[in-house]
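*Asks:* Sequential numbering of the sequence shown, starting at 1206, is according to the working numbering.
Here a beta-carbon is modelled for each residue, glycine too, at the ideal position from N, C-alpha and C.
Keep in mind it's a predicted model, so treat the numbers as computed, not measured.
If you scroll down you'll find the structure; I have some questions about it.
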Amino acid sequence: MTSELQNWSGTYRFTARQVIAARTIDDVRRAVAGGGRVRAVGTRHSFNDLADNGATLVTVTGIAPDPVLDEASRTVTVGAGTSYGAIAAWLQERGWALGNLGSLPHISIAGAIATGTHGSGSRNRILSAAVAGLDYVDADGELRHARRADPGFDAMAVGLGAFGIVVRVTLDIEPSYLVRQDVYAGMSWDGVLAGLDAVMSAAYSVSLFTDWSGQSLQAWVKRRLADPEDAVPGEFFGARRDLGPPRLVDAPVDNLTVHGIAGPWSDRLPHFRIGVPPSNGDEIQSEYFVDRHSGAHALEAVRRLAGLVTPLLLVSEIRTTASDRLWLSGSYDRDTLAIHFTWRNRPGPIDAAVREVEAALAPFGARPHWGKVSHVQGGQLELLYPHLRDARALFERLDPDGRFSNRRLERLGVRVIR
Ligand SMILES: Cc1cc2nc3c(=O)[nH]c(=O)nc-3n(C[C@H](O)[C@H](O)[C@H](O)COP(=O)(O)OP(=O)(O)OC[C@H]3O[C@@H](n4cnc5c(N)ncnc54)[C@H](O)[C@@H]3O)c2cc1C
1206 MTSELQNWSG
1216 TYRFTARQVI
1226 AARTIDDVRR
1236 AVAGGGRVRA
1246 VGTRHSFNDL
1256 ADNGATLVTV
1266 TGIAPDPVLD
1276 EASRTVTVGA
1286 GTSYGAIAAW
1296 LQERGWALGN
1306 LGSLPHISIA
1316 GAIATGTHGS
1326 GSRNRILSAA
1336 VAGLDYVDAD
1346 GELRHARRAD
1356 PGFDAMAVGL
1366 GAFGIVVRVT
1376 LDIEPSYLVR
1386 QDVYAGMSWD
1396 GVLAGLDAVM
1406 SAAYSVSLFT
1416 DWSGQSLQAW
1426 VKRRLADPED
1436 AVPGEFFGAR
1446 RDLGPPRLVD
1456 APVDNLTVHG
1466 IAGPWSDRLP
1476 HFRIGVPPSN
1486 GDEIQSEYFV
1496 DRHSGAHALE
1506 AVRRLAGLVT
1516 PLLLVSEIRT
1526 TASDRLWLSG
1536 SYDRDTLAIH
1546 FTWRNRPGPI
1556 DAAVREVEAA
1566 LAPFGARPHW
1576 GKVSHVQGGQ
1586 LELLYPHLRD
1596 ARALFERLDP
1606 DGRFSNRRLE
1616 RLGVRVIR
């Protein structure tokens, strides 16, 4: 039944035999109680076989969001299959906000947090760090609750679907705020490499876009403003504010969030608007997380590969995230520079280029994004994630028969090989 099921970009074809579209939490419990291998799938925006299992998949995106606001504890609890765009709009209507968002509001909360999805901002942690609690269906089909203070929670917040099917998520919130984003064109590579930390920390969220050729980059700068009329500088580290319509590869300008005018956080933190496709999706993505202290050297290493990378690339985005304590987070225990590649959909040459990029970034302890293309394997990951063994031990204890496991988790050393 799922021979047609593909990921969002059409670059991965699922092998699962059936997908159960749950409408209620009881549907999820029944699906798990049915036996065999079972695994959650979200909005299928990952670029590898992480969500697949050759057997039964369950999606919770059809369960009603039913958001519950707790102003006293500053949290919202919502159906895990809800998109970030939907909960962001709901919170904004009530004067509340999330601390950050990824570039795309279309993705499900459960799928995003499971892979350590992040936005940008040197003081902003990845989206999973805002998870205060999880309701999930365990390997026996029972509904369980886990809170931030519980032992092992640090493995579950970036949980890779490895311990159960998350049905509701509790997220930290804060009062709503205004954001304005502006594009600055013509930032010099020399200036960025000389003052990387200053550049990336100069606003609430800074993204640099490049194709690695030439001498300059483009910066997307998102500032929190107290007043919508607050002035923003015309220059950013020598780059000029670009007053024309923003451009991001071939995305129509109407698909991008508004630039040059302050607005609610929910409409400015993502690069893409909810409700429209971000681009044609004919792409492959990979991304690596390095210690920010060696970030400039890591960027120089990729720049040396420009001859190989640029012709295969749609665009690269460079972002930062703050250190956290989540065992499988790309930012575990280190302030991080994230180096992302949106490749053209040319699997053979991209495969080779990804291997070259990984070799160039290996000396910097580069951790690959769990949801994107990568060839980094289990033994290497144990060196990159000091708590990988602890996470594996926890997942094995919660799911002793490996019902939520799959080949990729086994290859990565996140679950034992069966
Ligand atoms: C256009 C585009 C832009 C992107 N932008 C960013 C970005 O800005 N930052 C970034 O870090 N990443 C980004 N990504 C990557 C994306 O955020 C991740 O791949 C994310 O996992 C996608 O969420 P999903 O719901 O589609 O998950 P899926 O791909 O469907 O699943 C991913 C993982 O989540 C698990 N999962 C899903 N639902 C549940 C559940 N209910 N319970 C337990 N586990 C579950 C699955 O088992 C699987 O292991 C982008 C991807 C695309 C295509």
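(1) Suppose you measure from the CA of leucine 1617 to the CA of aspartate 1254; what does that come to, to the nearest Å?
(2) Taking the alpha helix (DSSP H) that isoleucine 1318 belongs to, which residues open and close that run?
(3) Which one of Thr1266, Trp1301 and Leu1365 has the shortest CA to CA distance from glycine 1576?
(4) Under DSSP, the alpha helix (DSSP H) around alanine 1600 begins and ends at which residues?
(5) If you scan the segment 1509-1545 from start to end, which runs of the alpha helix (DSSP H) of 4 or more residues do you find wholly inside it?
(6) Do you know offhand how far glutamate 1209's Cα is from aspartate 1355's?
(7) When the Cα atoms are used, what is the spatial distance from valine 1372 to glycine 1304?
(8) Can you find the residues in the same chain that come closer than 7 angstroms, C-beta to C-beta, to alanine 1315, ignoring five residues on each side of it along the sequence?
(9) Indicate the three-state DSSP secondary structure (helix, strand or coil) for alanine 1293 in the structure shown.
(10) Return the chain-ordered ranges of every beta strand (DSSP E) run that is complete within the segment 1385-1455 and spans a minimum of 3 residues.
(11) Using the Cα positions of threonine 1216 and proline 1552, report the straight-line distance between them to the nearest angstrom.
(12) My assumption, with CB atoms under 8 angstroms, is that threonine 1261 sits in contact with glutamine 1223. Please give the rounded CB distance.
(13) Taking 7 angstroms as the cut-off, is the beta-carbon of tryptophan 1213 closer than that to any non-hydrogen atom of ligand 2?
(14) Terminal residues of the continuous beta strand (DSSP E) containing leucine 1348?
(15) Do the segment 1422-1430 and the segment 1525-1539 meet, that is, are 3 or more Cβ pairs less than 8 angstroms apart?
(16) For glycine 1500, which three-state DSSP category applies?
(17) Give the DSSP-derived three-state secondary structure of asparagine 1568 in the structure shown.
(18) What do you reckon, are the CB atoms on valine 1336 and isoleucine 1312 nearer than 8 angstroms?
(19) Check whether the Cβ atoms of aspartate 1447 and alanine 1408 lie closer than 8 angstroms to each other.
(20) Check whether the Cβ atoms of arginine 1631 and aspartate 1402 lie closer than 8 angstroms to each other.
(21) Kindly indicate the opening and closing residues of the alpha helix (DSSP H) around isoleucine 1622.
(22) For tryptophan 1575, which three-state DSSP category applies?
(23) Would you check if the distance between the CB atom of arginine 1228 and the CB atom of glycine 1346 is smaller than 8 angstroms?
(24) Helix, strand or coil for threonine 1207, going by three-state DSSP, please let me know.
(25) Relative to the C-alpha of phenylalanine 1569, which residue among Ile1225, Ala1431 and Leu1504 is closest?
(26) Does glycine 1215 come out as helix, strand or coil in the three-state DSSP assignment?
*Replies:* The short version:
(1) The count along the sequence shown starts at 1 and reaches residue 1617 at position 412. The count along the sequence shown starts at 1 and reaches residue 1254 at position 49. Leucine 1617 and aspartate 1254 have their C-alpha atoms roughly 12 angstroms apart.
(2) In the sequence shown, residue 1318 corresponds to position 113, counting from 1. Element bounds for isoleucine 1318: 1314-1319.
(3) The residue you call residue 1576 lines up with position 371 of the sequence shown. Per the Cα distances, Leu1365.
(4) Position 395 of the sequence shown, counted from the first residue, corresponds to residue 1600. It should be pointed out that residue 1600 corresponds to phenylalanine in this sequence rather than to alanine. Phenylalanine 1600 -> alpha helix (DSSP H) spans 1593-1603.
(5) 1511-1514
(6) By one-based count along the sequence shown, residue 1209 stands at place 4. By one-based count along the sequence shown, residue 1355 stands at place 150. Straight-line Cα distance between these residues: approximately 40 angstroms.
(7) Start at 1 with the first residue of the sequence shown, and residue 1372 comes out as number 167. Start at 1 with the first residue of the sequence shown, and residue 1304 comes out as number 99. So the two alpha carbons sit approximately 22 angstroms from each other.
(8) Against the sequence shown, residue 1315 aligns to sequence position 110. Closer than 7 angstroms at the Cβ level, and outside the excluded window around alanine 1315, lie Ala1245, Gly1247, Val1265, Ala1285, Gly1286, Val1371 and Val1374.
(9) One-based indexing of the sequence shown puts residue 1293 at position 88. Of the three classes helix, strand and coil, the one that applies to alanine 1293 here is helix, per DSSP.
(10) Within the segment 1385-1455, the complete beta strand (DSSP E) runs of at least 3 residues fall at 1410-1415, 1421-1430 and 1444-1446.
(11) Counted from its first residue, the sequence shown places residue 1216 at position 11. Counted from its first residue, the sequence shown places residue 1552 at position 347. C-alpha separation (whole angstroms): 8 angstroms.
(12) Here residue 1261 refers to the residue found at position 56 of the sequence shown. Here residue 1223 refers to the residue found at position 18 of the sequence shown. Sure, about 5 angstroms apart at Cβ, within 8 angstroms.
(13) In terms of ligand content, the structure shown lacks ligand 2 and carries ligand 1 instead.
(14) In the sequence shown, counting from the first residue as 1, residue 1348 sits at position 143. Residues 1348-1352.
(15) no
(16) Reading the sequence shown from its first residue, position 295 is the one you call residue 1500. Correct three-state label for glycine 1500: helix.
(17) Stepping through the sequence shown from its first residue, residue 1568 is reached at position 363. Just to set this straight, residue 1568 is proline in the shown sequence, not asparagine. Correct three-state label for proline 1568: helix.
(18) The sequence position of residue 1336 within the sequence shown is 131, counting from 1. The sequence position of residue 1312 within the sequence shown is 107, counting from 1. No, the Cβ-Cβ distance between valine 1336 and isoleucine 1312 is not below 8 angstroms.
(19) As a working mapping, residue 1447 is identified with position 242 in the sequence shown. As a working mapping, residue 1408 is identified with position 203 in the sequence shown. For aspartate 1447 and alanine 1408, no; Cβs fall outside 8 angstroms.
(20) Given a span of 1206 to 1623 for the chain in the structure shown, any question on residue 1631 remains unanswerable.
(21) Along the sequence shown, read from residue 1 onward, the residue named residue 1622 stands at position 417. No alpha helix (DSSP H) holds isoleucine 1622; DSSP gives it neither H nor E.
(22) As a working mapping, residue 1575 is identified with position 370 in the sequence shown. Of the three classes helix, strand and coil, the one that applies to tryptophan 1575 here is coil, per DSSP.
(23) The residue given as residue 1228 occupies position 23 in the sequence shown. The residue given as residue 1346 occupies position 141 in the sequence shown. Not a contact, by the Cβ cut-off of 8 angstroms.
(24) Along the sequence shown, one-based indexing puts residue 1207 at 2. Only weak support is given to the placement of threonine 1207: the predicted model assigns it a pLDDT of 44, under 50, and the value that follows is read from those uncertain coordinates. Correct three-state label for threonine 1207: coil.
(25) Position 364 of the sequence shown, counted from the start, is the residue given in the question as residue 1569. Phenylalanine 1569 has its Cα closest to that of Leu1504, out of Ile1225, Ala1431 and Leu1504.
(26) Counting from 1 along the sequence shown, the entry for residue 1215 is found at position 10. In the structure shown, glycine 1215 adopts coil according to DSSP, grouped into three states.
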